[in-house]
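14 is the number of the first residue of the sequence shown in the numbering used here; add one for each residue after it.
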Amino acid sequence: MTIKIGLCNLRLTLIPSIAYVLLMALLISLGNWQLSRSSEKADYLAVQEKQSQLPPLSLTSELPADAASIRYRTVELTGRYDTERQFLLDNRIRHGKAGYFVMTPLLPENSNTAVLVNRGWIEAGRDRQTLPDITLQESKVTIQGRINTFPDVGYHLEGAEIPTDTWPSLVQLIDSNVIAEKLGYPLADYQIELHPAEDQGYLREWHIATVIPPEKHVAYAVQWYGLALTLTALFIWYACKTKHE
């Protein structure tokens, strides 16, 4: 089929036309998906920012079973650190150096469920068999920190959630059920990231969590739409026959 447009005769053949339509649909859908992800990320970051600006929430009663509604909220909690049974979450990288997150169980005054307090990052020594000294000076504390899910480790090997037998116990992945079984008492399925101003902590750089910011998704969308325009130009160039041919 030939369509005359100005000086050009567009010769539309079946296979190239079908390929063009399918590729255009794919490229546009990918661009739309990236814009959708950008909107989702913007909403996600807005929730984090809003929660972080709220005044500290005092947890004076039973700990919430699900922290989804107060994730990223600053909370205040009084209790006792389990100083004899702490965990080192391995393979945490900060500023190009390997280390651990120090995870200490806190048993609240008015709750039967403990919570892991992430006391921050500490560098690993050259000898990985020698663990750092994470001794606590005080066990009875009132702390402030941010509610969050446990650190994501991405790909992990089977058995990564199994802690070592000795204390402090080394672990690659936090599974609250496994940790609770080792501790011998219930454990909340989230962590409290200790506020940087609090004592008895290590390096604490708690960032607003997002892997790809909204702006990146917009840039990716522009790239997909740009490819769609390029494909259209190439298709017209291929199909166009001028009168001089």
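All residues carry an ideal CB built from backbone N, CA and C; glycine is no exception.
Burial check for residue 127: the Cβ neighbour count within 10 Å reaches 16 or more, so the residue is buried. Boundaries of the alpha helix (DSSP H) around residue 31: 27 to 66. Taking a cut-off of 8 Å for Cβ pairs, the segment 130 to 138 and the segment 73 to 86 do not touch, as fewer than three such pairs fall below it. Minimum Cα-Cα distance from residue 40 among the listed residues 200, 242, 173 corresponds to 242. Restricting attention to 196, 52, 173, 137, the CA atom closest to the CA of residue 94 is found in 196.
Taking the Cα of residue 88 as reference, the smallest distance to any Cα among 200, 68, 181 is reached at 68. With contacts defined by Cβ atoms closer than 8 Å, residue 137 and residue 111 form a contacting pair. Per DSSP, the continuous alpha helix (DSSP H) segment holding residue 236 begins and ends at 227 to 252. Residue 234 is positioned such that its CB atom lies no closer than 8 Å to that of residue 76. Annotated three-state conformation of residue 83 is helix, per DSSP. Residue 174 sits in coil when the DSSP states are folded into three classes, being neither helix nor strand. The beta-bridge partner set that DSSP reports for residue 118 consists of 129.
DSSP, reduced to helix, strand and coil, places residue 154 within a strand of the structure shown.
Counted as a single uninterrupted DSSP element, the beta strand (DSSP E) harbouring residue 104 occupies residues 100 to 107. The segment 149 to 164 and the segment 208 to 225 touch, with no fewer than 3 CB-CB distances between them shorter than 8 Å.
If you compare the alpha carbons of 44, 141, 184 with that of residue 166, the shortest gap goes to 184.
Just so you know, the alpha carbons of residue 149 and residue 48 end up roughly 48 Å apart. Annotated as distal: residue 164 and residue 54, with beta-carbon spacing of 8 Å or more.
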